Amino acid sequence: MKNKSTPLRRFWVEYRENKIAVVAMFFLVALILLAIFAGFVSPQNPYDLANLSLMDSRRPPGFVGTGGYTHILGTDPQGRDLLSAIFYGLRISIIIGLAAGFVSLTLGTALGITAAYVGGRVESLIMRLIDLQLSFPAILLALVIVALLGQGKVQLISALVAAQYAYFARTAYGAAKAERGKDYIEAALATPLSGRLVVWRHLLPNCTPPLIVVATVQIANAISLEATLSFLGLGLPVTEPSLGMLISNGFPYMMSGRYWISVYPGVALIVLIVAINIVGDQVRDQFNPRLRK
Amino acid sequence: MLGFIIQRFLQAVGVMAVMSVIVFCGVYAIGNPIDIVIPPEATQEIREEVIRRLGLDLPLYKQYFIFMGNLLQGDLGRSFIYNVPVLELIGGRMPATLELVLISVISATVLGVSLGIYAGYRPDSWISKAIMAISVLGFSVPSFWVGLILILFFAVKLGWLPAGGRGDTLEIWGVAWSFPTLNGLSHIVLPALNLALFKLAMMIRLARAGTREIMLTDTIKFARAAGLSEGTILRRHLLKLISIPIITVFGLELGSTLAFAVVTETIFSWPGVGKLIIDSIAVLDRPVMVAYLILVAFLFVTINFVIDLVFALIDPRVRAGAVK
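Those protein sequence lines, which keep their order, are chains A and B. The first sequence runs 3 to 295 under the numbering used here. The second sequence runs 42 to 365 under the numbering used here.
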């Protein structure tokens with residue numbers, strides 16, 4: 003790392019100037035680490051039914067349960083230690099968000115760049131379809147698809163992808179269309195390079211900055227949408243609760259003042275989403291040449 | 042101009058036809074409604090009788106044509122569960138959803154545009170920074186979570202406002218509305234606030250971006266040079282110039298808020314269309330789902346069509362460019 007002008011280093015130097023974004027990055031990294039090492043840091047494995055005791059259910063924060071340790075954030079209706087459930091839930095929410103984000107990124111970029119590069123009928127067909135879909139609210143689309151496919155991880159990710167790929171397609175199309183008209187692409191096409199090579203080597207790399215920005219926002223959206231669907235009872239099965247499912251489980255008990263079951267998973271969810279959004283905003287500002295000093 | 046209208050109209054009809062096929066086929070693929078509608082102890086004869094009566098024995102494309110034929114005559118079928126015409130069921134729930142959506146979209150627009158203009162006019166004041174912080178929160182925090190916190194805070198902890206239901210209603214021309222009664226109004230506040238937050242954030246951003254851009258233009262310079270007061274400039278000139286994107290978004294948001302009401306209505310047990318559709322998905326009440334989705338699609342196509350027309354009226358470039 004002695005070479006001071008690697009792009010990553012320059013990026014970080016500029017990034018460091020925004021203190022809020024640095025804090026957000028810290029939280030984001032911390033949450034991701036907690037999710038990865040959930041098995042080591044949580045006091046209990048919340049998926050192992052043998053560990054759970056109904057005697058311990060719905061206990062307030064600070065309760066010492068039958069396991070002999072303190073439930074720092076209390077327990078949920080199934081008697082799970084809430085802190086452990088949140089770590090494992092974070093893992094599921096992040097995995098679902100990343101998976102949905104990457105599949106939508108791939109699918110959307112492929113469609114958008116194809117439309118911009120090929121042009122003509124293909125272009126207008128693809129973009130009409132995308133525009134039509136963008137005019138339809140994502141939540142409704144995801145709701146219908148989950149209802150159609152039933153519960154499960156793959157089904158849920160498919161629904162999120164269906165609701166999101168259009169944003170990537172639109173962004174990739176816009177970027178690729180602008181790049182396509184530039185001289186360097188024309189020059190590359192005039193050489194004996196194959197069209198595929200030009201797309202891979204020249205067109206695609208120049209379209210990545212806006213796509214990365216959309217990707218951060220869409221991963222946050224996917225996590226939020228997954229939580230919403232789980233809350234509505236259309237997400238993952240109850241045995242492996244995501245953050246949204248934990249919140250949903252606690253909802254009926256909120257009226258009687260047992261707030262912790264819903265509130266703490268919610269706080270984790272919001273810190274995660276807000277952190278991703280702030281980091282994403284900062285990255286967008288840094289990629290935007292108009293805001294460059 | 043007439044050519045443009047006809048072209049756009051045909052497009053809208055085409056989109057509706059495609060949507061109806063997708064929705065119908067999609068919803069057809071869910072589960073098997075026969076097991077839900079017919080009790081397991083029913084005899085074979087009764088089973089076949091019911092399947093025939095519901096038209097479930099016909100091939101898919103025939104069911105679609107029967108469905109479309111009925112649809113064009115204003116008949117969207119009967120609910121499997123409630124055994125009443127779907128249109129009646131949805132129509133009965135519609136006023137509750139409409140009043141919720143209208144109240145939240147209108148208040149979000151009025152408040153959001155005012156706050157956004159302020160934040161754009163004085164971008165460096167701390168109030169503007171607070172306004173922008175609210176808008177970032179409104180964008181990132183999932184709306185169902187805000188709903189929970191609102192209930193926890195205002196209904197459970199403080200006990201100021203009710204947590205669910207519609208409260209007392211007043212009948213106006215045979216339709217029950219909540220907003221004219223004080224009790225009903227108190228029931229609307231929390232769900233409307235919940236539903237409005239995202240729109241509020243969006244309107245603030247739109248108005249702020251528009252204001253910042255337009256304050257730098259010659260129009261404003263000349264208006265100032267002419268000696269107009271700042272208030273007059275903001276009201277007469279700025280508001281007019283930023284209104285086009287705001288009107289567009291207002292129209293589009295009206296539709297998407299209707300869709301988002303699904304979440305809010307579930308949290309606050311608001312007896313509207315959104316709650317109906319969630320309940321219908323849970324019990325696989327296929328006619329209700331199909332009808333709802335087709336109505337929403339119709340709403341969106343209509344809104345887009347109207348927006349296109351309004352644009353064409355305002356901007357001659359759209360008229361010329363659109364007839365490809």
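The C-beta atom is built at its ideal place from N, Cα and C for all residues, glycine as well. For clarity, every value in this text was computed on a predicted model and none was experimentally measured.
By Cβ distance below 7 Å, which residues in the same chain neighbour residue i in space, the five residues on each side in sequence not counted?
i	result
Ala117/A	Val124, Glu125, Ile128, Met129 and Tyr175
Ile283/B	Ala248, Gly251, Thr252 and Ile255
Met57/B	Ala338, Phe339 and Val342
Met135/B	Val314
Ser160/A	Ile147 and Leu151
Asp98/B	Ile92
Gly179/B	Leu238, Phe239, Leu241 and Ala242
Spatial neighbours of residue i within its chain, please: C-beta separation below 6 Å, excluding the five flanking residues on both sides.
i	result
Gly292/B	Ile344 and Ile348
Alpha carbon to alpha carbon, how far is residue j from residue i? Give it in angstroms, no decimals.
i	j	result
Ser95/A	Ile225/A	6 Å
Ile288/B	Arg277/B	17 Å
Gly197/A	Leu269/B	59 Å
Phe375/B	Val200/A	Examination of residue 375/B is not possible in this model, given that chain B is present from 42 through 365 alone.
Thr111/A	Cys209/A	9 Å
Gln220/A	Gly272/B	40 Å
Ala264/B	Phe65/B	56 Å
Leu248/A	Pro267/A	7 Å
Ser321/B	Val329/B	7 Å
Ile263/A	Glu181/A	50 Å
Val265/A	Phe121/B	38 Å
Ala204/B	Met256/A	11 Å
Ala323/B	Val269/A	28 Å
Ala266/B	Gly161/B	21 Å
Leu231/A	Gly121/A	37 Å
Ile272/A	Gln157/A	24 Å
Lys365/B	Ile335/B	The pLDDT assigned to Lys365/B is 37, lower than 50, so where the model puts this residue is not dependable, and the model offers no usable value.
Arg172/A	Gly114/A	6 Å
Gly67/B	Phe108/B	14 Å
Leu238/A	Ser258/A	26 Å
Ile318/B	Ala53/B	25 Å
Ile131/B	Ile63/B	21 Å
Gln82/A	Gly252/A	One detail in the question is off: residue 82/A reads as Arg in this sequence, not Gln. Distance between the alpha carbons of Arg82/A and Gly252/A is about 12 Å.
Kindly indicate the opening and closing residues of the alpha helix (DSSP H) around residue i.
i	result
Glu82/B	Segment: none, Glu82/B is in no alpha helix (DSSP H) and carries neither H nor E.
Met257/A	Run containing Met257/A: none; DSSP gives neither H nor E here.
Arg286/A	Trp262 to Phe289
Arg11/A	Pro9 to Arg18
Tyr175/A	Lys155 to Arg182
Val146/A	Ala140 to Leu151
Ala192/A	Asp185 to Ala192
Gln104/B	Leu101 to Leu113
Val25/A	Lys21 to Ile38
Val124/A	Gly122 to Leu136
Arg265/B	Asp259 to Ala266
Indicate the three-state DSSP secondary structure (helix, strand or coil) for residue i in the structure shown.
i	result
Pro183/B	coil
Asp83/A	strand
Arg163/B	coil
Arg203/A	helix
Trp311/B	coil
Arg119/B	strand
Thr77/A	strand
Trp218/B	strand
Pro126/B	strand
Thr241/A	coil
Pro203/B	coil
Asn235/B	helix
Leu92/A	helix
Val196/A	Here the sequence assigns Ser to residue 196/A, which means Val is not the residue at that position. Here Ser196/A sits in coil by DSSP.
Ser284/B	helix
Pro48/A	coil
Leu236/A	coil
Ser226/A	helix
Leu279/B	helix
Asp326/B	coil
Quick one: what's got a C-beta closer than 8 Å to residue i's C-beta in the same chain, skipping five residues either side?
i	result
Tyr169/A	Ser106, Gly110, Leu136, Val216 and Gln220
Leu141/B	Ile229, Pro232, Ala233, Leu236, Ala302, Thr305, Glu306, Trp311 and Gly313
Measuring only from the beta carbon, is residue i closer than 7 Å to any heavy atom that is part of the ligand MG?
i	result
Ala40/A	The model depicted lacks the ligand MG and carries no ligand whatsoever.
With three or more C-beta pairs closer than 8 Å as the rule, is the stretch 154-173 of chain B touching the stretch 231-246 of chain B? A contact exists between the stretch 231-246 of chain B and the stretch 154-173 of chain B.
Q.
Between the stretch 96-105 of chain B and the stretch 304-314 of chain B, can you find at least three pairs of beta-carbon atoms closer than 8 Å?
A. No, the stretch 304-314 of chain B is not in contact with the stretch 96-105 of chain B.
- Please confirm if the stretch 211-219 of chain A is in contact with the stretch 168-185 of chain B, defined as three or more CB-CB distances below 8 Å between the two stretches. Counting Cβ pairs under 8 Å, fewer than three are found: no touch.
Taking 8 Å as the threshold, find out whether the stretch 97-104 of chain A comes into contact with the stretch 131-147 of chain A through three or more Cβ pairs.
Contact fails: fewer than three Cβ-Cβ distances are below 8 Å.
* To do: Mind the definition here: the stretch 32-52 of chain A touches the stretch 45-63 of chain B only if three or more C-beta pairs lie below 8 Å; say whether that holds.
  => Verdict: no, contact absent.
Check your understanding: Is the stretch 18-37 of chain A in contact with the stretch 276-289 of chain A, if contact means three or more CB pairs nearer than 8 Å?
Key -> Segments in contact, yes.
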